[in-house]
Amino acid sequence: MTTLTTAGFHHVTMVSSDARRTLAFYRDLLGVGLVKRTVNFDDPSSYHLYFGDASGAPGTILTFFEWSGAPRGNWGVGGVHHLALGVATAEGQLKWKRRLVDAGVAVSGPFDRGWFRSIYFRDPDGQVLEVATRGPGYAVDEPIDALGKVEVAPPRSAELRGARDEAAITARTHPEPVPVITPDMALEGIHHVTAITDDLSRLNEFYDRALGLRLIKQSFNQDDPSTKHWFWGSYDGQEVKPHSALTFFGWPAGARPARGGVGQTHHLAFRAGSAEEQLAWRDHLLSLGVEVSPVMDRTYFQSIYFRDPDGLLLELATDGPGFTVDEDVVTLGSELRLPAWLETEREQIEHQLQPLQV
Ligand SMILES: [Fe+2]
Ligand SMILES: [Fe+2]
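Letter by letter, the sequence shown follows residues 138 to 495 in our numbering.
Printed below as a string of structure tokens:
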């Protein structure tokens, strides 16, 4: 058994077809700060935008590659189904529903999942997003020191698809318009990521051994109770660390594979801690027979890449040096930043990019 345990997600990277539209949706509608505007280091003719909290702390970071003109992808085995962002309270969540619906975004829920409440919507490229409440948490139906050991029914059986009152759920919203994001609506970064597999047991072995993520819930998909839904997290028997929950829907063997593209998640990055720890992670993964990339310098962190048994692309990224390495914290994201080796091409790169609103 590994002694290495990731502290949770570092960032999630998705694919946008239009950086300007993505900026308007995430920054202006969802209120998630732009912490870095740069280019895809492997394709400097396109943007790579980073959003996050005020300092771009690991666990709050959402990034987008801009692939204009690329086809839309589709979810399936080996791909991500949705990304959930945290909010403190159910009241704050209802305000999000009202704000989004008033902006013309279709929202479903709130659904009481037992462990948290959920609303769902899509970004302009079709990426499925959820806003999930912080609590009550995974210990609502199991002792905190024994999460995930046995299969449990979803805690709210009256809230499963087919049993719940869909009309009442649809009608539930905040009574007033929400033109300004209030403090109780603040999005708290990555609450969980839900992906799709057709072999939950194989993934359990992989995520446990490779990343030190522990099974914290074995249950069923509440919108399709004939299929399983398992949760993993950075869990020490006392606490599930924030920004660490990775969940998988268990589809039947041989189900449709994911197809990457616009509106899909490109990869999931977990925290490697320091550069020294990252080298230990690399050795650890190699010892398990996992193919791992060399360490790559991403300016704001260093990364190694590998895949899970379904082919889902994973990354382990260092916490440092962070987004303030080339900008002051108060001006993060205000201008195009390029790594030193691309500065000599700045004029040409800027010419190829559509200007973004500051
Ligand atoms: Fe979810
Ligand atoms: Fe990444």
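A virtual CB, placed ideally from N, CA and C, is assigned to each residue, including glycine.
Given the structure is predicted, the values throughout are model-derived calculations rather than measurements.
Not one heavy atom of ligand 2 lies closer than 6 Å to the C-beta of Thr175.
Contiguous alpha helix (DSSP H) elements confined to the region 382 to 417 do not occur, taking only those with 4 or more residues. Judged by their CB atoms, Phe385 and Ala323 are not nearer to each other than the 7 Å cut-off. With respect to Pro394, Gly213 sits close: the two C-beta atoms are nearer than 7 Å. Ligand 2 has no heavy atom closer than 6 Å to the beta-carbon of Thr436. No residue range can be given for Gln359, since it is assigned to no alpha helix (DSSP H) and is classified by DSSP as neither H nor E. The beta-carbon distance between Phe460 and Val172, rounded to whole angstroms, is 5 Å. This is short enough to meet the 8 Å contact definition. Within the region 312 to 348, the runs of alpha helix (DSSP H) at least 4 residues long that lie entirely inside it are, in chain order, 337 to 348. Here the distance from the Cβ of Ala221 to the nearest heavy atom of ligand 1 is below 6 Å. Between ligand 2 and the CB of Ala243, the shortest heavy atom gap is not smaller than 6 Å. Approximately 6 Å separates the beta-carbon atoms of Gly387 and Thr334; this is inside 8 Å, confirming the contact.
Counting only beta-carbon distances shorter than 5 Å to the non-hydrogen atoms of ligand 2, the qualifying residues in chain order are Thr150, Ala406 and Glu452. For His403, same chain residues with a beta-carbon under 8 Å away, outside a window of 5 residues either side, are Thr150, Met151, Val152, Phe202, Gly397 and Leu450 in chain order. Inter-segment contact for the region 192 to 206 and the region 276 to 291 is absent: fewer than three beta-carbon pairs are separated by less than 8 Å.
Inter-segment contact for the region 183 to 192 and the region 277 to 297 is absent: fewer than three beta-carbon pairs are separated by less than 8 Å. The beta-carbon separation of Ser471 and Val432, rounded to 29 Å, does not stay under the 8 Å limit for a contact.
Beta-carbon to beta-carbon, Leu473 and Glu464 are separated by about 11 Å, too far to satisfy the 8 Å threshold. A straight line joining the alpha-carbon of Thr159 with that of Asp179 spans about 20 Å.
Taken in chain order, the whole beta strand (DSSP E) runs of length 3 or more contained in the region 185 to 217 are 198 to 203.
Here the alpha carbon of Ser411 sits roughly 44 Å from the alpha carbon of Thr310. Cβ-Cβ distances below 7 Å link Arg444 to Leu450 and Leu451 in the same chain, with the five nearest sequence neighbours on each side left out; the list follows chain order. By the CB criterion at 7 Å, Tyr372 and Arg346 fall outside the cutoff.
Relative to ligand 1, even the nearest heavy atom lies 6 Å or more away from the CB of Thr270. Ranked by how close their Cα comes to the Cα of Leu490, the residues Gly349, His185, Gly223 and Leu237 have His185 in first place.
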